[in-house]
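Residue numbers (my numbering): 4 to 454. Ideal Cβ placement from N, Cα and C applies to all residues, glycine included. Below: one structure, written as structure tokens.
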Ligand SMILES: [Zn+2]
Ligand SMILES: [Zn+2]
């Protein structure tokens, strides 16, 4: 990809070509012969570091950064930094290396007034996006600018990274940004003027996965853009029928990720993954009715399960059924009191409604069993009673051990090539474990016998 950034300049020294193609040996010898070469730039004022970063030549990036005279924030003709180019081309190792070398994440180019965060979001490189967000949390940016301000940083046209990710159909980036505090109803309009929200742009781009994410985060289907249009009309105008069906204000309101839960201090990551999964599945159930007749179908992950969970499911041993719905297995536990319920019931109890913007006071969610304030939710340990040879063993088996949850989260894993992300429909899920009507599940007998 980065080959697009080549060095059309007639270079006598051959440095840029060697950098582009990753010829470390040649680059070394050229620079040893003439150290001043490192300050040369191409016609577009790209430095060797720009070219190496855009082409993912990590060894050369590292070599160049060892040279104290090399500026990690060198600017090309459009004031793009090497970090921006690495984010554009999705070269995660170069992004990491540049940030490690203290490249500034808060630089704006002159073309669109965008930062590296905008570019990672625009091109859908969620791994780069996550790395930049992490750097923003931990660097001087957080202290001087404020992390949430950085997440909602605007480009020259008033677009936040979330706007760009929604417009380009990058659900994974949309998810990451929302999770990091991106404002779901941000408008591109300035000074109180109406503009487009991320939902308008997702409607235009036609990504149902992005629309699902935004709606689950409480995006407003009735907000109007500068032309007075709601997202539904934008989707219709661009012939995105499936999106229009979800955005139609007369269709069922989707379940919204509970705002009270956002106040639970540092919601346990594994529990959160389960809750998010339950939310998306519940919304898919709703969509089935909405999308009926539009020609669009909802791909339920539970039907395309890899089957790898089969061996952990049997009807034989006892499981803790949720005492609220008597349908699902307890997967969530309230820390402190230890009461358990299923993910769906947790969502329903803590967050049945879309948050009302007029009531500013947020009440902390309480445990439905003992009414104590919920401070933290964790993944429930499944208690399994096992008939072992002589006596009953009470085993605490963590059914949703981190490996399982990792599996669940796999599509969110930040791996290289994130642009190939297929959207939520590809999530191998707990469909069989926590899905509706899935019946009982239990711990693996074999596993118990071994213990
Ligand atoms: Zn339940
Ligand atoms: Zn309780």
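Inter-residue CB distance, residue 189 and residue 201 (contact presumed, cutoff 8 Å): 7 Å
By DSSP's criteria, residue 336 is part of a beta bridge. Which residues make up the other side? 343, 381
When you compare the CB positions of residue 224 and residue 252, do they come within less than 9 Å of one another, or not? yes
Do residue 177 and residue 134 count as a contact pair if the criterion is CB distance below 9 Å? No, Cβ-Cβ distance for residue 134 and residue 177 is not below 9 Å.
Which residues DSSP lists as bridging residue 369, in chain order: Answer is 376, bridged to residue 369.
How far does the alpha helix (DSSP H) with residue 286 in it extend, from its first residue to its last? For residue 286, the enclosing alpha helix (DSSP H) has its first and last residue at 272-294.
Considering only heavy atoms of ligand 1, does any lie closer than 8 Å to the CB of residue 293? no
At a cut-off of 8 Å, is residue 1 close to ligand 1 when judged by its beta-carbon and the heavy atoms of the ligand? Residue coverage of the chain in this structure runs from 4 to 454, which leaves residue 1 outside it and unanswerable.
Cβ distance (whole Å) where residue 106 is taken to contact residue 86 below 8 Å: 4 Å
Going by DSSP, name the residue or residues bridged to residue 44. 50
Buried or exposed (CB count within 10 angstroms, at least 16 for buried), residue 4: Note that residue 4 scores 43 on pLDDT, short of 50, meaning its location in the model is unreliable and no value can be drawn from it.
Three or more beta-carbon pairs under 8 Å between the stretch 273-280 and the stretch 237-244, yes or no? A contact between stretches requires three or more CB pairs, one per stretch, nearer than 8 Å, and the stretch 273-280 fails this requirement with the stretch 237-244.
Inspect the beta-carbon positions of residue 41 and residue 50 and report whether they are closer than 9 Å. yes
Nearest neighbour of residue 165, chosen from 92, 203, 194, 47 [CA to CA]: 203
Verify the contact flag: residue 345, CB atom, against every heavy atom of ligand 1, threshold strictly below 8 Å. yes
Relative to the alpha-carbon of residue 172, which residue among 29, 246, 145 has its alpha-carbon at the smallest distance? 246
Give every residue of the same chain whose Cβ lies closer than 7 Å to the Cβ of residue 76, excluding the five residues on either side of it in the sequence, and list them in chain order. Around residue 76, the same chain offers 84, 106, 107, 110 as residues with beta carbons nearer than 7 Å, after the five sequence neighbours per side are excluded.
Three-state secondary structure (DSSP) of residue 225: coil
Skipping 5 residues on each side, what residues in its chain have a beta carbon closer than 6 Å to that of residue 20? none
Expressed to the nearest angstrom, what Euclidean distance is found between the alpha-carbon atoms of residue 82 and residue 161? Taking the straight line from one Cα to the other gives about 19 Å.
Round the Cβ separation of residue 123 and residue 90 to the nearest angstrom and send it over; I've been treating them as touching at under 8 Å. About 4 Å separates the two Cβ atoms, so the contact holds.
Alpha carbons only, please: which of 213, 199, 382, 148 is nearest the one belonging to residue 229? 199
Residue 64: which of 53, 324, 126 sits nearest, CA to CA? Looking at the Cα atoms, 53 is the closest of the given residues.
Are the CB atoms of residue 335 and residue 369 nearer to each other than 9 Å? no
Give a single yes or no on whether residue 373 has its beta carbon closer than 8 Å to a heavy atom of ligand 2. yes
Regarding residue 337 and ligand 4, is the C-beta to nearest heavy atom distance less than 8 Å? This structure lacks ligand 4; the ligands present are ligand 1 and ligand 2.
How would you write the range of the alpha helix (DSSP H) that residue 323 sits in, first residue to last? Note, residue 323: premise wrong, no alpha helix (DSSP H); not H, not E.
In terms of residues, what are the limits of the alpha helix (DSSP H) holding residue 69? 61-69
With a threshold of 8 Å, establish whether the CB of residue 325 neighbours any heavy atom of ligand 2. No, the Cβ of residue 325 stays beyond 8 Å of every heavy atom of ligand 2.
Excluding the 5 residues flanking residue 157 on each side, which residues of the same chain have their C-beta closer than 7 Å to its C-beta? 163
Please report how far the alpha carbon of residue 126 lies from the alpha carbon of residue 206, in whole angstroms. 18 Å
Determine the burial state of residue 143: buried for a count of at least 16 other Cβ atoms within 10 Å of its Cβ, exposed for fewer. exposed
Below 8 Å CB to CB, which residues in the same chain sit around residue 137 once its five sequence neighbours on both sides are set aside? none
For ligand 1, I want to know if residue 370 counts as a neighbour, meaning its beta carbon is within less than 8 Å of at least one of the ligand's heavy atoms. no
For residue 61 and residue 74, I'd like the C-alpha separation in whole angstroms. 16 Å
Can you find the residues in the same chain that come closer than 6 Å, C-beta to C-beta, to residue 44, ignoring five residues on each side of it along the sequence? 50
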